[in-house]
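With the sequence shown counted from 1, adding 544 to any position gets you our numbering. Glycine included, every Cβ here is placed at the ideal spot set by N, Cα and C. In this text, all values refer to a predicted model and were calculated from it rather than measured experimentally. Beneath this line is the structure, given in C-alpha coordinates, with notes to follow.
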Amino acid sequence: MKILISDSIGQSGIDYLKQQARLPDGQGFEVVLKPDITPEELIGEIGEYDGLIVRSRTKVTAEVIAAGQKLKVIGRAGSGLDNIDVEAAKKAGVAVVNAPGANAQSVAEHTMALILALFRKLLPVATALKAGRWEKKGYMATELSGKTIGIVGFGNVGMKVAEITHGFGMKLLVATRTQTSEKEKTMKDLNGTLVTLDQLLKESDVVTLHVPKSSETEHLIGEKELALMKKTSYLINCSRGGVVDEAALIKALTTRQMAG
(Lines of atoms letter the chains of each structure in order from A and count residues from 1; the text may use other names and numbers.)
(Lines give C-alpha, C1' and ligand atoms only; values in the text may rest on other atoms or scores of the structure.)
Protein backbone atom coordinates (compact mmCIF):
# COMPACT_ATOMS: atom_id res chain seq x y z
CA MET A 1 0.00 0.00 0.00
CA LYS A 2 1.28 3.47 -0.92
CA ILE A 3 0.18 6.82 0.47
CA LEU A 4 1.07 10.12 -1.20
CA ILE A 5 1.34 13.33 0.81
CA SER A 6 1.09 16.07 -1.82
CA ASP A 7 1.24 19.12 0.47
CA SER A 8 3.45 20.21 3.34
CA ILE A 9 2.13 18.89 6.66
CA GLY A 10 3.59 18.81 10.15
CA GLN A 11 6.59 16.54 10.62
CA SER A 12 4.85 14.87 13.56
CA GLY A 13 2.10 13.74 11.19
CA ILE A 14 4.61 12.32 8.73
CA ASP A 15 6.47 10.55 11.53
CA TYR A 16 3.22 9.07 12.84
CA LEU A 17 2.33 7.64 9.43
CA LYS A 18 5.77 6.15 9.02
CA GLN A 19 5.56 4.70 12.52
CA GLN A 20 2.26 3.02 11.63
CA ALA A 21 3.90 1.59 8.52
CA ARG A 22 6.44 -0.21 10.72
CA LEU A 23 3.78 -1.97 12.80
CA PRO A 24 3.10 -5.67 12.03
CA ASP A 25 -0.23 -4.90 10.37
CA GLY A 26 1.34 -2.07 8.40
CA GLN A 27 3.62 -4.27 6.29
CA GLY A 28 3.88 -2.96 2.75
CA PHE A 29 2.72 0.47 3.91
CA GLU A 30 4.80 3.14 2.13
CA VAL A 31 4.61 6.90 2.69
CA VAL A 32 5.77 9.17 -0.15
CA LEU A 33 6.18 12.92 0.43
CA LYS A 34 5.92 15.20 -2.62
CA PRO A 35 4.83 18.63 -1.32
CA ASP A 36 5.68 20.43 -4.57
CA ILE A 37 4.00 18.06 -7.01
CA THR A 38 2.26 19.87 -9.88
CA PRO A 39 -1.34 19.18 -10.96
CA GLU A 40 -0.06 17.51 -14.13
CA GLU A 41 2.37 15.33 -12.21
CA LEU A 42 -0.34 14.39 -9.73
CA ILE A 43 -2.64 13.16 -12.49
CA GLY A 44 0.23 11.19 -14.00
CA GLU A 45 1.31 9.56 -10.73
CA ILE A 46 -1.84 9.16 -8.61
CA GLY A 47 -2.58 5.80 -10.20
CA GLU A 48 0.23 4.27 -8.13
CA TYR A 49 -1.30 5.22 -4.78
CA ASP A 50 -3.97 3.82 -2.47
CA GLY A 51 -4.22 6.95 -0.34
CA LEU A 52 -3.75 10.70 -0.81
CA ILE A 53 -3.22 13.28 1.94
CA VAL A 54 -3.61 16.99 1.12
CA ARG A 55 -3.98 20.36 2.76
CA SER A 56 -5.39 23.29 0.74
CA ARG A 57 -2.80 23.68 -2.04
CA THR A 58 -3.59 20.47 -3.89
CA LYS A 59 -6.82 20.52 -5.89
CA VAL A 60 -8.29 17.02 -5.97
CA THR A 61 -10.41 17.33 -9.09
CA ALA A 62 -12.63 14.76 -10.77
CA GLU A 63 -9.78 14.22 -13.24
CA VAL A 64 -7.36 13.41 -10.42
CA ILE A 65 -9.85 11.00 -8.85
CA ALA A 66 -10.51 9.28 -12.19
CA ALA A 67 -6.77 8.79 -12.67
CA GLY A 68 -6.44 7.25 -9.19
CA GLN A 69 -7.54 3.75 -10.15
CA LYS A 70 -6.19 2.27 -6.89
CA LEU A 71 -7.27 5.20 -4.73
CA LYS A 72 -9.25 4.21 -1.63
CA VAL A 73 -9.11 7.27 0.59
CA ILE A 74 -8.40 11.01 0.42
CA GLY A 75 -7.41 12.61 3.72
CA ARG A 76 -7.64 16.37 4.29
CA ALA A 77 -5.22 17.62 6.95
CA GLY A 78 -7.62 20.30 8.10
CA SER A 79 -11.34 20.95 7.99
CA GLY A 80 -12.26 22.52 4.64
CA LEU A 81 -13.16 20.23 1.75
CA ASP A 82 -13.62 22.90 -0.92
CA ASN A 83 -10.45 21.79 -2.74
CA ILE A 84 -11.73 18.21 -3.11
CA ASP A 85 -14.44 17.10 -5.54
CA VAL A 86 -16.32 15.15 -2.88
CA GLU A 87 -19.12 14.15 -5.25
CA ALA A 88 -16.66 12.66 -7.76
CA ALA A 89 -14.95 10.77 -4.96
CA LYS A 90 -18.28 9.43 -3.72
CA LYS A 91 -19.18 8.18 -7.20
CA ALA A 92 -15.78 6.50 -7.50
CA GLY A 93 -16.14 4.80 -4.12
CA VAL A 94 -13.26 6.79 -2.62
CA ALA A 95 -13.64 7.76 1.04
CA VAL A 96 -12.99 11.41 1.96
CA VAL A 97 -12.00 12.20 5.55
CA ASN A 98 -10.94 15.40 7.29
CA ALA A 99 -9.88 16.72 10.70
CA PRO A 100 -12.40 19.47 11.56
CA GLY A 101 -11.24 20.04 15.12
CA ALA A 102 -7.50 19.94 14.52
CA ASN A 103 -6.93 23.70 14.26
CA ALA A 104 -10.10 24.96 15.94
CA GLN A 105 -8.31 26.45 18.95
CA SER A 106 -5.76 28.21 16.74
CA VAL A 107 -8.43 29.73 14.49
CA ALA A 108 -10.50 30.79 17.50
CA GLU A 109 -7.50 32.54 19.06
CA HIS A 110 -6.71 34.24 15.75
CA THR A 111 -10.31 35.44 15.55
CA MET A 112 -10.01 36.88 19.06
CA ALA A 113 -6.77 38.62 18.10
CA LEU A 114 -8.53 40.30 15.16
CA ILE A 115 -11.46 41.37 17.35
CA LEU A 116 -9.09 42.96 19.85
CA ALA A 117 -7.07 44.62 17.10
CA LEU A 118 -10.21 46.22 15.66
CA PHE A 119 -11.78 47.36 18.92
CA ARG A 120 -8.46 48.62 20.34
CA LYS A 121 -7.49 50.21 16.97
CA LEU A 122 -4.06 48.59 17.15
CA LEU A 123 -3.20 48.88 13.45
CA PRO A 124 -3.83 52.63 13.01
CA VAL A 125 -2.09 53.34 16.33
CA ALA A 126 0.96 51.30 15.28
CA THR A 127 1.01 53.00 11.88
CA ALA A 128 0.90 56.44 13.49
CA LEU A 129 3.70 55.56 15.90
CA LYS A 130 5.89 54.29 13.06
CA ALA A 131 5.35 57.65 11.37
CA GLY A 132 6.48 59.41 14.55
CA ARG A 133 3.03 60.54 15.67
CA TRP A 134 1.60 60.00 19.16
CA GLU A 135 -2.11 60.65 18.71
CA LYS A 136 -3.43 59.64 22.09
CA LYS A 137 -6.90 61.11 21.65
CA GLY A 138 -7.19 60.27 17.98
CA TYR A 139 -7.72 56.54 18.42
CA MET A 140 -10.07 55.97 21.32
CA ALA A 141 -10.55 52.24 21.89
CA THR A 142 -13.80 50.45 22.64
CA GLU A 143 -14.27 47.93 25.44
CA LEU A 144 -15.60 44.49 24.53
CA SER A 145 -17.52 44.04 27.78
CA GLY A 146 -21.23 44.43 27.14
CA LYS A 147 -20.85 44.36 23.37
CA THR A 148 -22.65 41.74 21.26
CA ILE A 149 -20.82 39.19 19.15
CA GLY A 150 -22.71 37.40 16.40
CA ILE A 151 -21.24 34.03 15.46
CA VAL A 152 -22.33 32.61 12.11
CA GLY A 153 -21.61 28.88 12.12
CA PHE A 154 -21.41 27.21 15.50
CA GLY A 155 -19.12 24.27 14.92
CA ASN A 156 -15.77 23.54 16.55
CA VAL A 157 -14.35 27.00 15.87
CA GLY A 158 -17.53 28.95 16.51
CA MET A 159 -18.05 27.36 19.91
CA LYS A 160 -14.46 28.07 20.96
CA VAL A 161 -14.80 31.72 19.88
CA ALA A 162 -17.96 31.93 21.99
CA GLU A 163 -16.13 30.55 25.03
CA ILE A 164 -13.26 33.03 24.65
CA THR A 165 -15.46 36.09 24.10
CA HIS A 166 -17.65 35.09 27.06
CA GLY A 167 -14.59 35.72 29.23
CA PHE A 168 -14.58 39.32 27.98
CA GLY A 169 -18.19 39.79 29.04
CA MET A 170 -19.63 39.84 25.53
CA LYS A 171 -23.25 38.98 24.76
CA LEU A 172 -23.67 36.04 22.37
CA LEU A 173 -25.92 35.64 19.33
CA VAL A 174 -25.67 32.53 17.16
CA ALA A 175 -26.90 31.69 13.66
CA THR A 176 -26.42 28.06 12.68
CA ARG A 177 -28.12 25.74 10.20
CA THR A 178 -27.92 22.66 12.41
CA GLN A 179 -28.40 22.06 16.10
CA THR A 180 -26.74 19.41 18.26
CA SER A 181 -26.86 18.69 21.97
CA GLU A 182 -23.30 20.05 22.27
CA LYS A 183 -24.26 23.32 20.58
CA GLU A 184 -27.36 23.68 22.74
CA LYS A 185 -25.36 23.07 25.92
CA THR A 186 -22.65 25.55 24.91
CA MET A 187 -25.22 28.25 24.15
CA LYS A 188 -26.99 27.60 27.45
CA ASP A 189 -23.74 27.68 29.43
CA LEU A 190 -22.72 30.97 27.79
CA ASN A 191 -26.17 32.58 27.91
CA GLY A 192 -26.26 32.64 24.12
CA THR A 193 -29.32 33.16 21.94
CA LEU A 194 -30.14 31.35 18.70
CA VAL A 195 -31.38 33.84 16.10
CA THR A 196 -31.83 34.22 12.36
CA LEU A 197 -28.94 35.52 10.27
CA ASP A 198 -30.78 38.78 9.60
CA GLN A 199 -31.39 39.42 13.31
CA LEU A 200 -27.78 38.59 14.12
CA LEU A 201 -26.50 41.07 11.54
CA LYS A 202 -28.80 43.83 12.80
CA GLU A 203 -27.94 43.45 16.49
CA SER A 204 -24.25 42.48 16.60
CA ASP A 205 -21.34 44.83 17.24
CA VAL A 206 -19.01 42.32 15.62
CA VAL A 207 -19.97 39.49 13.26
CA THR A 208 -17.59 36.58 12.83
CA LEU A 209 -17.98 33.86 10.19
CA HIS A 210 -17.10 30.22 10.79
CA VAL A 211 -18.78 28.21 8.06
CA PRO A 212 -17.41 25.85 5.40
CA LYS A 213 -17.33 27.05 1.80
CA SER A 214 -19.97 25.34 -0.31
CA SER A 215 -22.62 26.17 -2.88
CA GLU A 216 -24.91 27.04 0.05
CA THR A 217 -22.47 29.45 1.70
CA GLU A 218 -21.03 31.09 -1.44
CA HIS A 219 -21.56 34.85 -0.93
CA LEU A 220 -23.54 34.15 2.24
CA ILE A 221 -22.73 37.74 3.16
CA GLY A 222 -23.56 40.05 0.27
CA GLU A 223 -24.88 43.56 -0.31
CA LYS A 224 -28.26 42.85 1.31
CA GLU A 225 -26.70 41.32 4.42
CA LEU A 226 -24.06 44.03 4.82
CA ALA A 227 -26.78 46.68 4.65
CA LEU A 228 -28.35 45.17 7.77
CA MET A 229 -25.24 45.68 9.90
CA LYS A 230 -24.70 48.60 12.27
CA LYS A 231 -22.54 51.44 10.99
CA THR A 232 -20.33 50.88 14.05
CA SER A 233 -19.99 47.11 13.58
CA TYR A 234 -17.13 44.96 12.32
CA LEU A 235 -17.07 41.85 10.12
CA ILE A 236 -14.49 39.11 10.58
CA ASN A 237 -14.14 36.19 8.18
CA CYS A 238 -11.87 33.37 9.33
CA SER A 239 -13.54 30.75 7.16
CA ARG A 240 -13.16 31.09 3.37
CA GLY A 241 -12.97 34.23 1.25
CA GLY A 242 -15.81 33.16 -1.04
CA VAL A 243 -18.28 33.25 1.84
CA VAL A 244 -18.31 37.05 1.49
CA ASP A 245 -19.09 38.98 -1.69
CA GLU A 246 -15.87 40.99 -1.77
CA ALA A 247 -17.19 43.61 -4.22
CA ALA A 248 -20.12 44.29 -1.91
CA LEU A 249 -17.77 44.40 1.08
CA ILE A 250 -15.48 46.95 -0.58
CA LYS A 251 -18.51 49.11 -1.36
CA ALA A 252 -19.75 48.88 2.23
CA LEU A 253 -16.34 49.86 3.58
CA THR A 254 -15.70 52.74 1.17
CA THR A 255 -19.15 54.21 1.84
CA ARG A 256 -18.63 53.78 5.60
CA GLN A 257 -21.68 51.57 5.82
CA MET A 258 -19.80 49.63 8.51
CA ALA A 259 -16.77 50.29 10.71
CA GLY A 260 -14.45 47.65 9.33
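Inset, instruction - Check whether the segment 671-680 touches the segment 693-702, counting contact only when three or more Cβ pairs, one atom from each stretch, lie closer than 8 Å. - result: no
Inset, instruction - Have a look at residue 663 and residue 564 and give me their C-alpha separation to the nearest angstrom. - result: Taking the first residue of the sequence shown as 1, we reach residue 663 at position 119. Taking the first residue of the sequence shown as 1, we reach residue 564 at position 20. Answer to the nearest angstrom: the Cα atoms are 47 Å apart.
Legend entry - Delimiting residues of the beta strand (DSSP E) encompassing residue 694: Against the sequence shown, residue 694 aligns to sequence position 150. Run containing residue 694: 692-696, per the beta strand (DSSP E) assignment.
Legend entry - residue 573 to residue 652 span [Cα, whole Å]: The count along the sequence shown starts at 1 and reaches residue 573 at position 29. The count along the sequence shown starts at 1 and reaches residue 652 at position 108. Using only the alpha carbons, I get a separation of about 36 Å.
Legend entry - Simplified DSSP assignment, three categories, for residue 762: In the sequence shown, the residue the question calls residue 762 occupies position 218. Note: residue 762 maps to coil in three-state DSSP.
Legend entry - residue 586 vs residue 617 beta-carbon contact at 8 Å: Start at 1 with the first residue of the sequence shown, and residue 586 comes out as number 42. Start at 1 with the first residue of the sequence shown, and residue 617 comes out as number 73. Cβ atoms of residue 586 and residue 617: not closer than 8 Å.
Inset, instruction - Measure the Cβ-Cβ separation of residue 773 and residue 751 and say whether it is below 8 Å. - result: As a working note, residue 773 is residue 229 in the sequence shown. As a working note, residue 751 is residue 207 in the sequence shown. In this structure, residue 751 lies closer than 8 Å to residue 773 by Cβ.
Inset, instruction - Look up residue 620 in the DSSP assignment and give the residues it is bridged to. - result: Within the sequence shown, the letter at position 76 stands for residue 620. Answer is 598, 642, bridged to residue 620.
Legend entry - Burial state of residue 639 (16 or more Cβ within 10 Å): On the sequence shown, residue 639 is found 95 positions in, with the first residue counted as 1. Under this definition residue 639 is an exposed residue.
Inset, instruction - Give the range of the alpha helix (DSSP H) segment to which residue 558 is assigned. - result: On the sequence shown, position 14 is the one that residue 558 refers to. Taken as a continuous stretch (DSSP letters only), the alpha helix (DSSP H) holding residue 558 covers 555-565.
Inset, instruction - Please report the residue range of the alpha helix (DSSP H) in which residue 584 lies. - result: Locating residue 584 in the sequence shown gives position 40, where the first residue counts as 1. 583-589 is the span of the alpha helix (DSSP H), which, as asked, contains residue 584.
Legend entry - Sequence ranges, alpha helix (DSSP H) only - wholly within the segment 714-788, length at least 4: 725-733, 741-747, 767-772
Inset, instruction - Would you mind working out which of 624, 755, 547, 703 sits nearest residue 725, comparing C-alpha positions? - result: To locate residue 725, count along the sequence shown from 1; it is residue 181. Comparing Cα-Cα distances from residue 725 to each of 624, 755, 547, 703, the minimum goes to 703.
Legend entry - For residue 546, the three-state DSSP class (helix, strand or coil): As a first step, residue 546 must be located in the sequence shown, where it is residue number 2. In the structure shown, residue 546 sits in a strand (DSSP, three-state: E or B).
Inset, instruction - Compare the C-beta of residue 577 with all C-beta atoms of chain B and state if any pair is closer than 8 Å. - result: Protein chains in the displayed structure number just one, and chain B is not present.
Inset, instruction - Over the uninterrupted alpha helix (DSSP H) stretch that includes residue 625, give me the two end residues. - result: Reading the sequence shown from its first residue, position 81 is the one you call residue 625. First-last for residue 625: undefined, no H or E at that position.
Legend entry - Contact check, residue 782 vs residue 754, beta carbons under 8 Å: As a first step, residue 782 is located in the sequence shown; it is residue number 238 there, counting from the start. As a first step, residue 754 is located in the sequence shown; it is residue number 210 there, counting from the start. Yes, the Cβ-Cβ distance between residue 782 and residue 754 is below 8 Å.
Legend entry - Spatial distance of residue 761 from residue 641 (CA atoms): Here residue 761 corresponds to residue number 217 of the sequence shown, with the count starting at 1. Here residue 641 corresponds to residue number 97 of the sequence shown, with the count starting at 1. Those two C-alpha atoms are separated by around 21 Å.
Legend entry - Simplified DSSP state of residue 577, which is helix, strand or coil: Taking the first residue of the sequence shown as position 1, residue 577 is located at position 33. Correct three-state label for residue 577: strand.
Legend entry - N-terminal and C-terminal residue of the alpha helix (DSSP H) that residue 703 is part of: Counted from its first residue, the sequence shown places residue 703 at position 159. Here the alpha helix (DSSP H) through residue 703 covers 700-710.
Inset, instruction - Measure the CB-CB distance between residue 718 and residue 737 and report whether it falls below 8 Å. - result: By one-based count along the sequence shown, residue 718 stands at place 174. By one-based count along the sequence shown, residue 737 stands at place 193. Result yes, Cβ atoms of residue 718 and residue 737 sit closer than 8 Å.
Inset, instruction - Go through its chain and collect everything with a Cβ distance to residue 624's Cβ below 7 Å, but skip five positions before and after it. - result: Against the sequence shown, residue 624 aligns to sequence position 80. Taken in chain order, the residues that qualify are 600, 756, 757, 784.
Inset, instruction - Pull up the distance between the alpha-carbon of residue 793 and that of residue 767, whole angstroms please. - result: Against the sequence shown, residue 793 aligns to sequence position 249. Against the sequence shown, residue 767 aligns to sequence position 223. Approximately 7 Å, taken between the alpha carbons.
Legend entry - Whole-number beta carbon distance between residue 558 and residue 575, since they are thought to touch under 8 Å: Counted from its first residue, the sequence shown places residue 575 at position 31. Counted from its first residue, the sequence shown places residue 558 at position 14. At roughly 7 Å, the Cβ-Cβ gap stays under 8 Å, so residue 575 and residue 558 are in contact.
Inset, instruction - Report the residue from 615, 723, 584, 765 whose alpha carbon sits nearest the alpha carbon of residue 812. - result: Because the chain here runs from 545 to 804, residue 812 falls outside it and cannot be looked at.
Inset, instruction - Buried or exposed for residue 660, please, with buried defined as at least 16 other CB atoms from any protein chain shown within 10 angstroms of its CB. - result: For the purposes of this step, residue 660 is taken as residue 116 along the sequence shown, with counting starting at 1. Residue 660 is exposed by the Cβ-count criterion.
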